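Top line first, the protein sequences correspond to chains A and B.
First residue of the first sequence? That's 239 in the numbering used here, and the numbers climb one at a time after it.
First residue of the second sequence? That's -14 in the numbering used here, and the numbers climb one at a time after it.
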Amino acid sequence: MNGKNQKYTEAPVKVLLAKPAIDGHDRGIFVLAKAFRDAGMDVIYAGLLPTPEEVVDTAINEDVDVIALSLLNGAHMTAFRNVMEILRKKGVNDIAVVGGGIIPDEDKPALEKMGITGNFGPGTPLNVIIDHVRARAGEIRKLRANEY
Amino acid sequence: MNTEILVQGILRGDYRAIARSISLIENSGYKVRKDIISRIYRYGSAKIIGITGPPGVGKSTAIANLAPSLAVHGKVAVLAIDPASPFSGGAILGNRIRMQAALSSKGIYMRSTSNRLYNGGLSEYTWDIIKVLEAAGNDYIILETVGSGQADIDIMNIADVTCVFLAPGLGDEIQAIKSGIMEIGDIFVINKIDREGSYLAIKDIRESLNMSNKLETPVIGVNSLTGENYDELVKNILEIKNKNPREKYYRKLKMVVMEAIYDEYSDYVDGIEYGDNSLDEDPYTLAEEILGKNSNNLRKIKSRQQEY
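Below, the structure is given as structure tokens:
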């Protein structure tokens, strides 16, 4: 935890948790926020009812490595796609996006194709999710190291 | 890594470049930081408005009111610091939730950072991050500390105006005359003025200011839900003159000198093996010897110090 002589690729992962639609079920996302914190990450929670634009704004302002989207209301195909489209429109290709919530198996290939990985459902062990986020963040940090 | 592109982005005010350079400053050690800061040091100057106070008095909510009102007078940016966990090093950066709506409608840049277990209410590289925000052309930078205890007073060394936020019912007049945070305010703000006991809170603080002959220090009651009295607060903030930048500069210089020495010698010290006979000597003598061995380097640092 010594801040000196640190390498960018080894610094704490910064993750944004967001529910980008009308969905007030935030118990699960609080559990995740605490789990990520306990795994040594810097966690930002976007609050209830953020618009996809606000989610992308926050991600850019805070320079997060991973956006973790969660929806339990069935709007994931629309709302997650919105987030991806805004990211693409702003030319952001160096932020990983992972998904989760109540997502039927038949939707998962389409989400993967958009670039949203993970797509975990209820009952997934926390360490599986943490490992996945950490792996995606690692890829992103390596990508960024050559960027500027 | 191409710092020049990054620096051009900062000077243009490009949010992605600003955000990335802040991450690099936080995460990548002495040399990268020097590379960035040395290129942008001459650009920009802003009024730094420090917001401090105990957890839960409404600092973040207050910024949601304050930032848009200041945006009328110039370009505003917000930097908010939250504590890291002493067990895992992770952090929940929750300041943003309170101000998101107010900020994104005005396009105000806001960044939350973890204090990475640094004591004093700020993070170790707050000075550097503020330099980046200044170079990006901001006129006002609102700096929110960790919810502070009585002794987290680093903010007064970096802010031009320190606003101490309090709420009714936090303590009696003995609390108000204590040392530490109650002495550093340029403005005292009592939030949640609609609650019971707000009159007593204002009275206690006025009395203690009177005792230390600082009665002219403003004590302002505000209501963050309705925005009541925020115009008064903004007026007072704008009236207070910026502090002499030299004092801030010297403090940072001292920190950097210590870090430069650390950077220079830590590898060397790590390289000494446990079996080495030199470890028979007491650590004070050995330390002086180590510095003496590389006295050329130390002299270089010293002569640079005199130039400033």
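Heads up, the beta-carbon is just placed ideally off N, CA and C, and yes, glycines get one too.
Computed from a prediction, not measured in an experiment: that's the story for all the values here.
Query: Chain B within 7 Å of Asp261 (chain A), Cβ atoms only; Result: no
Query: Where Asp252 (chain B) falls: helix, strand or coil (DSSP); Result: helix
Query: Endpoints, the alpha helix (DSSP H) within which Glu282 (chain A) is located; Result: The sequence shown places Ile at residue 282 (chain A), not Glu. Note, Ile282 (chain A): premise wrong, no alpha helix (DSSP H); beta strand (DSSP E) at 280 to 283.
Query: C-beta neighbour in chain A for Ala245 (chain B), strict 7 Å; Result: no
Query: Whole-Å CB distance - Thr296 (chain A) paired with Arg81 (chain B), under 8 Å assumed; Result: 7 Å
Query: DSSP three-state assignment for Ser90 (chain B), whether helix, strand or coil; Result: helix
Query: C-alpha distance - Phe268 (chain A) paired with Gly41 (chain B), whole-angstrom precision; Result: 19 Å
Query: Minimum Cβ-Cβ distance from Leu200 (chain B) to chain A less than 7 Å; Result: no
Query: Same chain, Cβ closer than 8 Å to Lys237 (chain B), neighbours up to 5 away in sequence not counted; Result: Trp112
Query: Met95 (chain B) burial status per 10 Å Cβ neighbour count (16 or more: buried); Result: buried
Query: Rounded straight-line distance, which links the Cα of Tyr250 (chain B) to that of Asp265 (chain B); Result: 20 Å
Query: Three-state secondary structure (DSSP) of Asp67 (chain B); Result: strand
Query: CB contact flag (Ile298 (chain A), Val335 (chain A), <7 Å); Result: no
Query: The stretch 135 to 148 of chain B touching the stretch 4 to 11 of chain B, judged by at least three CB pairs closer than 8 Å; Result: no
Query: Segment contact, 8 Å Cβ cut-off, at least three pairs: the stretch 130 to 142 of chain B with the stretch 96 to 106 of chain B; Result: yes
Query: Chain B contacts made by the stretch 263 to 277 of chain A, where a contact means CB separation under 7 Å; Result: Ala271, Phe274, Arg275, Asp276, Ala277
Query: Expected contact under 8 Å - CB spacing of Val174 (chain B) and Val149 (chain B) to nearest Å; Result: 7 Å
Query: Buried versus exposed, by CB contacts within 10 Å (16 or more), Met239 (chain A); Result: Below a pLDDT of 50, predicted positions are generally treated as unreliable, and Met239 (chain A), at 32, falls in that range; no measurement from the model is reported.
Query: Sequence-distant residues of the same chain with beta carbon closer than 6 Å to Ile367 (chain A), five excluded per side; Result: Phe358
Query: Residue nearest to Lys60 (chain B) in terms of C-alpha spacing, selected from B:Lys32, B:Asp252, B:Ile169, B:Tyr125; Result: B:Tyr125
Query: Interface partners of Asp280 (chain A) on chain B, CB under 7 Å; Result: Gly75, Ala76, Leu78, Ser99
Query: Rounded straight-line distance, which links the Cα of Gly278 (chain A) to that of Ile225 (chain B); Result: 40 Å
Query: Any chain A beta carbon closer than 7 Å to Ile(-5) (chain B); Result: no
Query: Residue nearest to Thr46 (chain B) in terms of C-alpha spacing, selected from B:Glu273, B:Ser209, B:Asn198, B:Asp255; Result: B:Ser209
Query: Members of the stretch 286 to 298 of chain A that neighbour chain B once the beta carbon cut-off is set at 8 Å; Result: Pro288, Glu291, Glu292, Asp295, Thr296, Ile298
Query: The stretch 182 to 197 of chain B: positions lying closer than 7 Å to chain A by Cβ; Result: none
Query: Sub-7 Å separation of Tyr215 (chain B) and Val204 (chain B) beta-carbons; Result: no
Query: Residues bridged to Ile333 (chain A) [DSSP beta-bridge criterion]; Result: Bridge partners of Ile333 (chain A): none, in fact.
Query: Every unbroken alpha helix (DSSP H) inside the stretch 193 to 224 of chain B [4 residues or more]; Result: 215 to 224
Query: 8 Å Cβ shell around Leu151 (chain B) - same chain, five flanking residues per side excluded; Result: Gly38, Pro39, Val42, Phe173, Val174, Ile175, Asn176, Ala186, Ile190
Query: Where Glu266 (chain B) sits in the DSSP three-state scheme; Result: coil
Query: Anticipated Cβ contact below 8 Å, Leu309 (chain A) with Ala284 (chain A), distance rounded; Result: Not confirmed; about 13 Å, so no contact.
Query: Cα-Cα separation between Ala2 (chain B) and Ser99 (chain B), rounded to whole angstroms; Result: 20 Å
Query: Exposed unless 16 or more other CB atoms sit within 10 angstroms - verdict on Gly154 (chain B); Result: exposed
Query: Of the residues B:Ala65, B:Pro71, B:Ala69, B:Gly75, the one placed nearest Arg83 (chain B), counting alpha carbons only; Result: B:Ala65
Query: Cutoff 8 Å; reference Ile282 (chain A); Cβ partners in own chain excluding five residues on either side; Result: Lys252, Val253, Leu254, Leu255, Thr296, Glu300, Val302
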